[in-house]
Amino acid sequence: MKRIFLILAAALVALATPAAAQTITSPNGQLSLTFSLTDSGVPTYAVDYKSAAVILPSQLGLKLNGAADLLDGFAAGEAVKSTFDETWEPVWGEETHIRNHYNELLVRLTQTATGRQMNIRFRLFNDGYGLRYEFPRQKRVSYMTIEDERTEWALTGDHYAFWMPGDYDTQEYDYFESRLSEMGQIAAAHVSTNASTTRFSDWGVQTALTLKSDEGVYITIHEAALIDYSCMHLIYNPETKVFTSWLTPDAIGNKGYIQTPCHTPWRTAVITDDARELLASRLTLNLNEPCKIEDTSWIKPVKYMGVWWELITGTNSWSYATEGNIKLDQVDYATLKPSGTHGATTENVKHYIDFASKWGCFDQLLVEGWNIGWEDWFGKHKDFVFDFVTPYPDFNLPELQKYANERGMRLMMHHETSASIRNYERRMDEAYKFMVDNGYNALKSGYVGNIFPRGEHHYGQLMNNHYQYAIEKAAEYKIVVNAHEAVRPTGICRTWPNLIGNESARGTEYQSFGGSHPHHVTILPFTRLQGGPMDYTPGIFRMDLTDIPGNSSKVLSTLANQLALYVTLYSPLQMAADTPENYERYIDAFQFIVDVPVEWSESRYLSAEPGDYVVIARKDKKSSNWFVGGVTDENQRTMTVKFDFLEKGKQYVATVYADAPNADYETNPEAYRIVEGKITAKSAAKIFMARGGGFAISIREATKADRKMKNLIIK
Ligand code: NOJ
Ligand code: CA
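Numbering (the working numbering), first residue to last: 47 to 761.
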């Protein structure tokens with residue numbers, strides 16, 4: 047449970063000074079934030095970093111439907127400054143202790159003409175800021191319908207950006223890298239409007255968005271604590287160099303419904319001149335509420351395998367019978383003939399359990415396609431698709447759960463909702479109870495396809511409330527949740543740590559749908575992962591999928607790169623995504639997946655540059671072992687890893703899994719080598735990363751048996 051070591055909160059009410067202009071600085075003095083009201087009563091803020099402007103005066107406010115806007119005409123009331131310093135223990139995370147230290151400014155505003163009150167709260171950390179709108183209980187207003195939010199980020203130059211196009215329904219894009227001024231042209235040329243999704247503008251981008259100025263300052267814009275509100279996108283104006291918030295609309299075009307007293311999510315920016323500090327930032331988590339689950343002892347990180355990749359690659363199918371015209375409510379499965387390609391059969395599941403349980407490191411086995419309904423689910427845009435409680439006739443659930451339990455594992459549940467949230471909410475209690483009754487405690491859920499009710503979007507307020515409802519409901523049943531296709535995370539896992547994963551970005555599945563650009567995994571930690579962990583599903587060992595009928599894809603990554611992802615893409619939920627057969631081919635490399643933990647006590651960000659490379663070292667929570675992962679983009683690089691994070695005076699054994707000198711993600715992706723040798727805190731190693739490659743290192747303390755082992759040399 048959370049234990050708060052130190053809380054320091056001092057409130058200074060600056061009653062003498064009206065809020066009209068107020069400045070706060072970060073605890074280390076490097077950032078300063080100034081709030082001011084313009085002559086026409088428009089609230090604005092600006093931010094300096096190391097005495098230079100990073101955010102120029104930027105406007106704040108909301109446009110309302112059916113009521114006067116909350117954009118101008120404000121008069122300043124009191125300003126309250128305070129400071130806060132605590133250290134909290136996450137249930138799981140990249141470290142065991144997180145410091146939450148900021149200076150705060152709360153400005154109270156009243157719109158003179160309407161008498162409505164709107165407060166703006168700013169929190170300034172050493173690594174960035176958060177701001178949000180707060181509406182106290184008040185006589186003049188209770189309900190508000192949001193036409194749009196008008197929060198601005200006015201930039202100082204034509205920064206380099208790591209971005210993906212705006213879309214109300216998916217983030218499963220490859221990232222683009224370009225100057226801000228080039229985004230519109232690139233989006234027009236390369237982003238096709240997909241009928242099942244809704245790209246709203248060539249200028250719109252999604253958050254977290256990472257920028258780099260010519261002066262070498264990084265800015266990551268995102269939001270924190272997205273609760274009961276629509277997900278924010280950003281619209282860029284190349285003329286003014288201003289980003290403005292743009293919320294996801296609902297089916298009738300409104301962007302949100304709020305009722306006082308209430309507040310918006312935090313609008314955030316992490317600001318630093320060292321890319322490694324972006325990775326070390328805990329600003330998003332710190333802006334979320336402390337844990338609301340009293341007893342968290344049942345929430346455990348999970349390493350898992352699954353009957354999954356064979357479905358994604360098209361080797362086998364989710365459905366039991368031939369797909370197409372079998373209506374779930376009209377069919378008697380007992381009378382149907384199986385197609386012969388069903389993946390979730392009792393026999394096949396046992397085969398995976400036999401392989402996975404041998405290693406003693408896998409907690410669970412995910413089984414997709416276990417339940418009836420898959421013959422007629424895709425793109426149907428209808429309410430009733432799955433019931434979440436009826437197994438296919440060839441999937442013997444009690445027998446399999448027992449089989450797994452006897453081998454130290456459990457089955458992991460899968461609920462594909464086909465985005466029919468009404469159906470899912472109606473059945474949720476029964477579905478979760480079914481899990482508990484059948485020995486499940488972890489759930490992968492999914493929201494593929496158009497939303498039912500029609501016209502709603504995956505990232506609108508209605509859906510966000512649904513995802514939140516599912517998390518809180520699952521907590522009642524002591525179930526951990528990993529939701530795919532849900533809104534991208536905003537640090538809610540601090541408050542609800544049973545949200546142990548999300549997809550909400552382009553995961554490994556796309557390596558089977560044409561591939562993902564190698565730079566993808568060098569951008570995710572700076573963008574998508576800022577909000578919370580991703581169920582990326584790494585660990586593919588067989589890169590050429592073209593001999594699978596109907597699949598023409600190649601995995602655009604080397605095998606060593608796949609291993610590195612267990613360290614570089616932090617998640618308390620990690621999958622070994624490939625099949626037993628593919629792991630058997632390279633069982634010495636599989637040892638890294640067996641050894642790498644999912645719980646860490648400490649993380650060190652050794653080298654990082656968005657879009658280029660990431661090297662991270664992490665210490666196992668349960669031992670003195672360390673693990674290092676490094677990935678590169680489409681360029682080969684040689685990295686020097688210094689082992690100075692190790693305890694001084696101790697001898698360690700390092701096992702390095704590296705790209706072979708002739709490895710290449712396009713021409714020779716499975717070529718790797720394993721080198722073992724002794725190291726100390728004074729050692730360093732030069733490690734080659736092929737194009738699309740990487741490396742993984744496991745480090746343990748040396749024992750007497752290692753006496754004769756040579757020092758680590760990678761030739
Ligand atoms: C998309 C998910 O990302 C994938 O992991 C899952 O297998 C399919 N939907 C089916 O639910
Ligand atoms: Ca997906």
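A virtual CB, placed ideally from N, CA and C, is assigned to each residue, including glycine.
Examine ligand 1 and report whether any of its heavy atoms sits within less than 7 Å of the Cβ of residue 427. Position 381 of the sequence shown holds residue 427. Flag unset: Cβ of residue 427 not near ligand 1.
Cβ neighbours of residue 659 in the same chain (closer than 8 Å, five flanking residues each side left out): Indexing the sequence shown from 1 puts residue 659 at position 613. Result list for residue 659: 568, 653, 676, 677, 678, 679, 683, 685 and 735, in chain order.
Is residue 545 a contact residue of ligand 1, with contact defined as CB to any heavy atom under 7 Å? Here residue 545 corresponds to residue number 499 of the sequence shown, with the count starting at 1. It does not: the Cβ of residue 545 is nowhere closer than 7 Å to a heavy atom of ligand 1.
Sorry if obvious, but does the Cβ on residue 586 come closer than 7 Å to a heavy atom of ligand 1? As a working mapping, residue 586 is identified with position 540 in the sequence shown. It does not: the Cβ of residue 586 is nowhere closer than 7 Å to a heavy atom of ligand 1.
Taking residue 543 as the reference, which of 346, 98, 505 and 404 has the closest Cα? Residue numbering aside, residue 543 sits at position 497 when the sequence shown is read from its first letter. The candidate whose alpha carbon is nearest that of residue 543 is 346.
My output table needs one value for residue 300: the three-state DSSP class, helix, strand or coil. Your numbering for residue 300 matches position 254 in the sequence shown. Correct three-state label for residue 300: coil.
Option in 151, 486 and 92 with minimal Cα separation from residue 180: Indexing the sequence shown from 1 puts residue 180 at position 134. The shortest Cα separation from residue 180 among 151, 486 and 92 belongs to 151.
Starting from residue 194 and walking both ways along the beta strand (DSSP E), at which residues does that stretch end? Looking up residue 194 in the sequence shown gives position 148. Residues 189 to 195.
Local Cβ density within 10 Å of residue 566, reported as buried at 16 or more and exposed below that: Numbered from 1 along the sequence shown, position 520 holds the residue referred to as residue 566. By the neighbour-count rule (16 or more Cβ atoms within 10 Å), residue 566 is buried.
Starting from the C-beta of residue 359, find all residues in its chain whose C-beta is less than 6 Å away, skip the five residues before and the five after it, and write them out in chain order. The count along the sequence shown starts at 1 and reaches residue 359 at position 313. Here the set comprises 558, 591, 594 and 597.
Exposed unless 16 or more other CB atoms sit within 10 angstroms - verdict on residue 309: Residue numbering aside, residue 309 sits at position 263 when the sequence shown is read from its first letter. Buried is the call here.
Could you tell me whether any non-hydrogen atom of ligand 1 is closer than 7 Å to the CB of residue 530? Working through the sequence shown from its first residue, we reach residue 530 at position 484. For ligand 1, at least one heavy atom lies less than 7 Å from the Cβ of residue 530.
Would you say the beta carbon of residue 492 is closer than 7 Å to some non-hydrogen atom of ligand 1? Residue 492 sits at position 446 when you count from the first residue of the sequence shown. Yes, ligand 1 has a heavy atom inside 7 Å of this Cβ.
Report yes or no: is there a C-beta of chain C within less than 8 Å of the C-beta of residue 582? The chain labelled as chain C is not found in the depicted structure, where only one protein chain is given.
The segment 90 to 98 touching the segment 125 to 136, judged by at least three CB pairs closer than 8 Å: no
Near residue 710, what residues of its chain come up, given a Cβ to Cβ distance below 6 Å and the 5 sequence neighbours on each side ignored? Translated into the one-based positions of the sequence shown, residue 710 becomes position 664. The answer, listed in chain order, is 736 and 737.
Measure the alpha-carbon distance for residue 322 versus residue 263 and round it to whole angstroms. For this step, residue 322 is matched to residue 276 along the sequence shown. For this step, residue 263 is matched to residue 217 along the sequence shown. Taking the straight line joining both Cα atoms gives about 12 Å.
Touching or not, the segment 614 to 621 and the segment 338 to 354, by the rule of three or more beta carbon pairs under 8 Å? yes
Please state the DSSP three-state secondary structure of residue 486. Within the sequence shown, the letter at position 440 stands for residue 486. Three-state DSSP puts residue 486 in coil, outside helix and strand.
Please determine whether the Cβ atom of residue 42 lies at a distance below 7 Å from any heavy atom of ligand 1. No statement about residue 42 is possible, as the shown extent of the chain runs from 47 to 761 and does not include it.
I'd like to confirm something about residue 355: is its beta-carbon nearer than 7 Å to some heavy atom of ligand 1, or not? One-based indexing of the sequence shown puts residue 355 at position 309. No.
Just to confirm, is the Cβ distance from residue 727 to residue 692 under 8 Å? Position 681 of the sequence shown, counted from the first residue, corresponds to residue 727. Position 646 of the sequence shown, counted from the first residue, corresponds to residue 692. In contact: residue 727 and residue 692 (Cβ atoms closer than 8 Å).
Straight-line gap, residue 509 to residue 582 (C-alpha atoms, nearest Å): For the purposes of this step, residue 509 is identified with residue 463 of the sequence shown, where counting begins at 1. For the purposes of this step, residue 582 is identified with residue 536 of the sequence shown, where counting begins at 1. Answer to the nearest angstrom: the Cα atoms are 22 Å apart.
Using the C-alpha atoms, what's the distance from residue 561 back to residue 602? Mapped onto the sequence shown, residue 602 falls at position 556. Mapped onto the sequence shown, residue 561 falls at position 515. So the alpha carbons of these two residues sit roughly 6 Å apart.
Residue 268 - DSSP class collapsed to helix/strand/coil: Position 222 of the sequence shown holds residue 268. It is a strand residue.
On the criterion of 16 or more Cβ atoms from any shown chain inside 10 Å, does residue 173 qualify as buried, or is it exposed? By 1-based counting over the sequence shown, the position of residue 173 is 127. Looking at its Cβ environment, which holds 16 or more other Cβ atoms inside 10 Å, residue 173 is buried.
Regarding residue 467 and ligand 1, is the C-beta to nearest heavy atom distance less than 7 Å? Taking the first residue of the sequence shown as 1, we reach residue 467 at position 421. The answer is no for residue 467.
Kindly indicate which three-state DSSP category residue 763 falls into: helix, strand or coil? Any property of residue 763 remains undetermined from this structure, which presents the chain solely from 47 to 761.
From this set, 365, 624, 273 and 573, which residue's C-alpha is nearest residue 518's C-alpha? Counted from its first residue, the sequence shown places residue 518 at position 472. Checking every option, the nearest Cα to that of residue 518 belongs to 273.
According to the neighbour-count rule (16 or more other Cβ atoms, all chains shown, within 10 Å of its Cβ), is residue 316 buried or exposed? Translated into the one-based positions of the sequence shown, residue 316 becomes position 270. Buried.
Is residue 497 near ligand 1, judged by its Cβ being under 7 Å from some heavy atom? As a first step, residue 497 is located in the sequence shown; it is residue number 451 there, counting from the start. Not so, every heavy atom of ligand 1 lies at least 7 Å from the Cβ.
With 16 other CB atoms within 10 Å as the buried threshold, where does residue 229 fall? Position 183 of the sequence shown, counting from 1, holds the residue named residue 229. Buried, because 16 or more other Cβ atoms sit within 10 Å of the Cβ of residue 229.
Please state the DSSP three-state secondary structure of residue 80. Along the sequence shown, read from residue 1 onward, the residue named residue 80 stands at position 34. Correct three-state label for residue 80: strand.
Taking DSSP's pairing of strands, which residues face residue 741 in a bridge? Indexing the sequence shown from 1 puts residue 741 at position 695. Answer is 676 and 704, bridged to residue 741.
Buried or exposed: residue 381, going by 16 or more other Cβ atoms within 10 Å of its Cβ? To locate residue 381, count along the sequence shown from 1; it is residue 335. So residue 381 counts as exposed.
For residue 727, the three-state DSSP class (helix, strand or coil): By 1-based counting over the sequence shown, the position of residue 727 is 681. DSSP places residue 727 in coil when its eight states are reduced to three.
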